[in-house]
Each structure stands twice: as C-alpha cells, then as structure tokens.
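Trainee: Residue numbers (the numbering used here): 124 to 254. Cβ coordinates follow ideal geometry from the N, Cα and C atoms, glycine included. Predicted model only: the values in this text are computed from it and were never measured. Next up is a structure, given as structure tokens.
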C-alpha cells in the first residue's frame with residue numbers, strides 16, 4: 124500500500140496517519156499494552172504494542188488512524204497519570220518516524236481479545252472518550 128509522509132515526516136496511509144512511539148515508565152506487568160490497545164480501539168484507532176525485551180521500563184507502540192484521536196491518547200499519556208488501576212503510567216513518551224507495523228506487535232487490534240484480561244482492571248484512559 125502506498126504511503127507518503129506529512130510535514131512532520133510521519134507516514135500517511137490513505138486518510139490514516141501512522142505514528143510510532145516508545146513509552147518509558149511503569150509500563151510492563153501492569154496491563155499497559157492491553158489498556159492502550161483497548162483505549163485506541165474505542166476511539167476507532169488501530170494499535171499495537173510490544174515489550175522491550177531487555178528494558179522492563181519500556182514499551183514500543185504504533186497507532187494508526189485519525190490524528191485528532193491519536194493526539195487525544197498521546198496527550199493523556201504525557202500527563203504522567205495512571206492509565207489504569209494497576210499503576211500503568213508513562214513518564215516519558217518518544218515519537219519516531221518509523222517502527223513496527225500494528226500487526227507485528229505482541230498485542231494489537233487483531234489479537235488483544237486472545238490474551239487474558241482481568242475484569243477488575245479499570246481503564247482510566249477510557250474515561251476520556253467522547254462518545
């Protein structure tokens with residue numbers, strides 16, 4: 124599929140923007156990846172997230188969709204607040220011009236239901252959705 128780049132060197136696929144990030148903070152073993160993907164899906168965004176093998180404080184992720192919806196998630200992550208009741212929190216968010224495709228990630232829009240989800244996990248990132 125043909126992709127171009129916008130003025131920030133971000134990939135554009137059709138009408139959808141593709142943005143790549145690394146989150147540093149309390150992001151492993153606290154359902155960060157699942158919380159992020161579920162929150163993105165509720166906003167109509169494709170998402171994928173993977174652990175960084177040798178760094179328990181880092182997760183990479185990709186978001187594809189409407190930039191306004193993506194920016195809503197980015198803004199909330201930059202607030203350095205817990206995004207769920209397990210203490211998942213981003214302390215530093217970095218954006219890159221390239222990265223993994225959504226489906227290449229460990230947890231993504233296509234497989235997030237396959238993993239275990241604790242029904243007691245409360246997603247604070249969801250409460251910010253405008254429905």
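Within the same chain, show all residues whose beta-carbon is closer than 8 Å to that of residue 164, passing over the 5 residues directly before and after it, in chain order.
Mentor: 170, 232 and 235
Trainee: Which term fits residue 159, buried or exposed, when burial requires 16 or more other beta carbons within 10 angstroms of its beta carbon?
Mentor: buried
Trainee: Between the alpha carbons of residue 230 and residue 185, how many angstroms are there, rounded?
Mentor: 11 Å
Trainee: Report the partner residues of residue 140 according to the DSSP bridge assignment.
Mentor: 135 and 188
Trainee: Beta-carbon separation of residue 203 and residue 214 under 8 Å?
Mentor: yes
Trainee: For residue 253, I'd like the list of residues in its chain whose CB is within less than 6 Å of its CB, leaving aside the five on either flank, ordered along the chain.
Mentor: Residue confidence for residue 253 is low, a pLDDT of 40 falling below 50, so the modelled location carries little weight; the figure read from the coordinates is stated next. Hits under 6 Å: none found.
Trainee: Using only the alpha-carbon positions, how far apart do residue 226 and residue 244 sit?
Mentor: 24 Å
Trainee: I'd like to know whether the C-beta atoms of residue 246 and residue 166 end up nearer to each other than 8 Å.
Mentor: no
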